[in-house]
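Residue numbers (my numbering): 4 to 207.
Structure first, then comments.
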Ligand SMILES: Nc1ncnc2c1ncn2[C@@H]1O[C@H](COP(=O)(O)OP(=O)(O)OP(=O)(O)O)[C@@H](O)[C@H]1O
Ligand SMILES: [Mg+2]
């Protein structure tokens, strides 16, 4: 049986001059469901995800979480790995994850220990003290994933998360996302992944 609807996008429209980026984008995600968001380059996937976080304002339509408009406090309980990765290149990995965990409402100790746990899980336990820019591209990607996961988000939105990952990391990410969705009751909820490649798309 499907759980209650959590995330709901309803009739989103967005135009940039001549470009119609979203033309009535609608979907609803039941609790505990993992949703793969597929479409060719330029289809509007990132635009739709940005609308969830209020980073892009749709011309029409609505985004709701458990039936309500999404306020700032609720957004802090979401995890987002944006297409334009947004971490600080010169800052140490664990320090910046601790900082970002704080922005999501974790105290320093909780943020640090959660970040350390996730770094271990993703095979980066020995790089916690490295500056981000000293890591390989794929390992920087893993840090971005930790950043999206460390506060146990109620909604996890990953935009092209498989890009640049080696097969082992792809497998680990698949396991992690599946676990996150399965942990739905009582706190965690759907995970969304975006990809242009059917080969790496997953749904449950
Ligand atoms: N800020 C912007 N200004 C102008 N056009 C934009 C802007 N953001 C997106 N677009 C356009 O909207 C359309 C949808 O872009 P979007 O990035 O959402 O696609 P996507 O499905 O995520 O593509 P990709 O698979 O390449 O990541 C594209 O034609 C893009 O050029
Ligand atoms: Mg995109």
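Yeah, the Cβ is synthetic: ideal placement off N, Cα and C, and Gly gets one too.
Quiz item: residue 168 and residue 145: beta carbons closer than 9 angstroms?
Solution: By one-based count along the chain shown, residue 168 stands at place 165. By one-based count along the chain shown, residue 145 stands at place 142. Yes, the Cβ-Cβ distance between residue 168 and residue 145 is below 9 angstroms.
Exercise. Using alpha carbons as the reference points, say which of 35, 39, 119, 12 lies closest to residue 26.
Key: In the chain shown, counting from the first residue as 1, residue 26 sits at position 23. Ranking the options by Cα distance to residue 26, first place goes to 12.
Practice problem: Identify every residue that forms a DSSP beta bridge with residue 129. | Solution: Here the question's residue 129 lines up with position 126 in the chain shown. Partner(s): none; residue 129 has no beta bridge.
Self-check item: Limits of the alpha helix (DSSP H) - the one that residue 117 falls within
Solution: If you number the chain shown from 1, residue 117 lands on position 114. Unbroken alpha helix (DSSP H) run through residue 117: 111 to 124.
Practice problem: Please indicate yes or no: does the CB of residue 19 lie closer than 8 angstroms to some heavy atom of ligand 1? | Solution: For the purposes of this step, residue 19 is identified with residue 16 of the chain shown, where counting begins at 1. Because some heavy atom of ligand 1 lies under 8 angstroms away, the Cβ of residue 19 counts as near it: yes.
Exercise. Please confirm whether any heavy atom of ligand 1 lies closer than 8 angstroms to the CB of residue 44.
Key: Taking the chain shown and counting its residues from 1, the one referred to as residue 44 is at position 41. Residue 44: yes, Cβ under 8 angstroms from ligand 1.
Quiz item: With 16 other CB atoms within 10 Å as the buried threshold, where does residue 18 fall?
Solution: As a working note, residue 18 is residue 15 in the chain shown. With fewer than 16 other Cβ atoms within 10 Å, it is exposed.
Quiz item: Are the beta-carbon atoms belonging to residue 106 and residue 117 less than 9 angstroms from one another?
Solution: Here residue 106 refers to the residue found at position 103 when the chain shown is read from its first residue. Here residue 117 refers to the residue found at position 114 when the chain shown is read from its first residue. Not closer than 9 angstroms, so no.
Practice problem: Determine the direct distance from the alpha carbon of residue 152 to that of residue 161, and round the result to whole angstroms. | Solution: For the purposes of this step, residue 161 is identified with residue 158 of the chain shown, where counting begins at 1. For the purposes of this step, residue 152 is identified with residue 149 of the chain shown, where counting begins at 1. Rounded to the nearest angstrom, the two C-alpha atoms are 10 angstroms apart.
Quiz item: If you drop the 5 nearest sequence neighbours on each side, which residues of the same chain put their C-beta closer than 6 angstroms to that of residue 53?
Solution: Translated into positions along the chain shown, residue 53 becomes position 50. Excluding residues within five positions, the ones whose Cβ falls inside 6 angstroms are 59.
Quiz item: Where does the unbroken beta strand (DSSP E) through residue 83 begin, and where does it stop?
Solution: As a working note, residue 83 is residue 80 in the chain shown. That run of the beta strand (DSSP E) goes 81 to 84.
Quiz item: What span of residues does the beta strand (DSSP E) with residue 11 cover, start to end?
Solution: Working through the chain shown from its first residue, we reach residue 11 at position 8. First-last of the beta strand (DSSP E) with residue 11: 8 to 19.
Quiz item: Around the C-beta of residue 128, are 16 or more other C-beta atoms found within 10 angstroms, so that it is buried, or is it exposed?
Solution: Counting from 1 along the chain shown, the entry for residue 128 is found at position 125. Exposed.
Quiz item: Of all the options 33, 31, 93, 182, which has the alpha carbon lying nearest to the alpha carbon of residue 137?
Solution: Numbered from its first residue, the chain shown carries residue 137 at position 134. Answer by Cα proximity: 93.
Exercise. Ignore the nearest five residues each way along the sequence and tell me which others in residue 14's own chain have a CB closer than 8 angstroms to its CB.
Key: Mapped onto the chain shown, residue 14 falls at position 11. Closer than 8 angstroms at the Cβ level, and outside the excluded window around residue 14, lie 27, 28, 29, 63, 64, 65.
Quiz item: Is residue 47 near ligand 1, judged by its Cβ being under 8 angstroms from some heavy atom?
Solution: As a working mapping, residue 47 is identified with position 44 in the chain shown. Because some heavy atom of ligand 1 lies under 8 angstroms away, the Cβ of residue 47 counts as near it: yes.
Quiz item: Which of helix, strand or coil does DSSP assign to residue 101?
Solution: The residue you call residue 101 lines up with position 98 of the chain shown. Helix.
Exercise. Starting from the N-terminal side, write out each stretch of the beta strand (DSSP E) that is 3 residues or longer and does not extend beyond the stretch 45 to 76.
Key: 63 to 68
Quiz item: Between which two residues does the alpha helix (DSSP H) containing residue 39 stretch?
Solution: For the purposes of this step, residue 39 is taken as residue 36 along the chain shown, with counting starting at 1. Unbroken run through residue 39 is the beta strand (DSSP E), 37 to 41; no alpha helix (DSSP H).
Self-check item: Distance cut-off 8 angstroms: residue 26 Cβ against heavy atoms of ligand 1
Solution: What you label residue 26 is simply residue 23 of the chain shown in a count that begins at 1. No.
Quiz item: Would the beta-carbon of residue 155 be found less than 8 angstroms away from any heavy atom of ligand 2?
Solution: Along the chain shown, one-based indexing puts residue 155 at 152. Checking every heavy atom of ligand 2 against the Cβ of residue 155, none is found closer than 8 angstroms.
Quiz item: Of the residues 155, 154, 159, 164, which one's Cα is nearest the Cα of residue 143?
Solution: Counted from its first residue, the chain shown places residue 143 at position 140. That would be 164, whose Cα lies nearest to the Cα of residue 143.
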